[in-house]
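What follows is a set of notes on a single structure, which appears directly below.
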Amino acid sequence: MKLLLAAATAALMALSSGSAFAADLAPLNSDTEKDRIDWSQLEAKFGAFPKLPDGTKAGAVSKTLTNEYWRSLGEGYKAFGDRVGVPVVYQAAQSEGDQLGQLTIAEGLVTQGYNVLLVSPQTDSNLQPIMEQAKAANVPVVNVNDAVIPQAEHYVGNVQRDNGVRVAKWFIKNRPNGGKVAIVEGQAGVYAAVQRTDGFKTTITEGGKFEVVASVPGNWDRQTSYDAATNILQQHPDLIGFYANNDGMALGIVEAIKAAGLQDKVAVFGTDGISDAYASIRAGELTGTVDSFPVLTGEVALETALRLVAGQKLPRVVATPQALITKDNADRYSGPDARKALLEDAAVGQ
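Position in the sequence shown (first residue = 1) + 587 = my numbering.
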């Protein structure tokens, strides 16, 4: 009942606040928006980091801190803030389902006088009411992964659809005979979950060799995904692979596969690149993940936000990097030279 009330409240407020932006901005699709720049080109196109007004401070609100991805994003905010002398307050809802709690936090940060607000919404609509409040207070808002506020003026994050596409291409290359695969999705209706799922499903079925026999919600939850995978494996013991919309769910799937004694037959991929995923990959359990480098994303997002505070006119989307990680390349992307590797990837358009 609480979740329904939160969703209804957010939806009603979104209708009233969103209308003020409708005439100015087309609804944002962060994957396809043409007004964009790659993270690696910020300094080349907009110069060295600018001088900021004295006393600049940033506020940030995340989905939850129970997920390592969002904690790592906060580490990125703090790292860049420390580098340029800007304090960052980073807060989050109690869980990924606490939509109203997250909105309350965001509203509080605006009223407390922060110069910029970075938000990672739980859904595409629950933080939309904050947009008009922030605009009235002359506070820029940057939408940072992974749900997308349709009227967001600025977004920092990766190409969500490409997460699924990269995994599908791995299956096509490494399982040339095809077979049955399944998807465990994130929260229903959330932009990132929809895009990741569609990217995988559309790409892997193009050649006709693969069949997606199940696509079920895991709600970003490890136990829910374990249960879902257990049911799918009982119905399809000849399954050859899973794709999960995040790593926590993928690790739950790995446990279900081990319990079924199928670890040598079923490949599993996640998304995000959390440390437990890397450890599982190195241990030969999780097949891979699409790392979206949350610490770097946090650094880029705060740099973007503070460039806005300094008065720079940036593209609507700043795209951050991602890479498909397997046991073969895990060291390249997880060590101190990871940023160098990503810049090399950017230079050749990977």
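Beta carbons are placed, not taken as given, at the ideal position from N, Cα and C, and that holds for glycine.
Check: C-alpha distance - S617 paired with A739, whole-angstrom precision; Outcome: 10 Å
Check: Residues that DSSP places opposite T678 in a beta bridge; Outcome: With the sequence shown as reference, residue 678 is identified as Gln, and Thr is not the correct amino acid for it. Looking at the DSSP assignment, Q678 forms a beta bridge with V648.
Check: Contacts around S627, its chain only, beta-carbon distance under 7 Å, and the 5 residues preceding and following it disregarded; Outcome: L930, A933
Check: Through-space distance from A864 to V877, alpha-carbon basis; Outcome: 10 Å
Check: In chain order, each beta strand (DSSP E) run of at least 3 residues that lies wholly inside the segment 862-917; Outcome: 875-878, 904-906, 910-912
Check: Length at least 3, wholly inside the segment 655-734: the beta strand (DSSP E) runs in chain order; Outcome: 675-679, 703-706, 728-731
Check: Reduced DSSP category for E793 - H, G, I as helix; E, B as strand; rest coil; Outcome: coil
Check: Rounded C-alpha distance that separates D834 from A854; Outcome: 14 Å
Check: Counted within 10 angstroms of its Cβ, other Cβ atoms place Q909 as buried (16 or more) or exposed; Outcome: buried
Check: Cα-Cα separation, R623 to A723; Outcome: 25 Å
Check: CB-CB length for I840 against A816, believed under 8 Å; Outcome: 4 Å
Check: Chain-order list of residues whose beta-carbon lies under 6 Å from that of Y778 (same chain, five-residue window excluded); Outcome: D711, A734, V735
Check: Environment of R783 [buried if 16+ CB atoms lie within 10 Å]; Outcome: buried
Check: Heavy atom of the ligand PLP within 7 Å of S627 beta-carbon; Outcome: For the ligand PLP, the structure offers nothing, since it holds no ligand at all.
Check: Nearest-angstrom Cα separation, counted from V746 out to G795; Outcome: 25 Å
Check: Residues of its chain near S812, where Cβ-Cβ distance is below 6 Å and the 5 sequence neighbours each way are ignored; Outcome: V771, G805, M836, G839, I840
Check: R753, DSSP secondary structure in three states; Outcome: helix
Check: Inter-residue spacing [alpha-carbon to alpha-carbon] between R903 and V729; Outcome: 9 Å
Check: Residue nearest to L895 in terms of C-alpha spacing, selected from A645, D785, V799; Outcome: A645
Check: Exposure label - R809; buried when at least 16 CB within 10 Å; Outcome: buried
Check: Whole-Å CB distance - N654 paired with T884, under 8 Å assumed; Outcome: So it is not a contact: roughly 14 Å between Cβ atoms.
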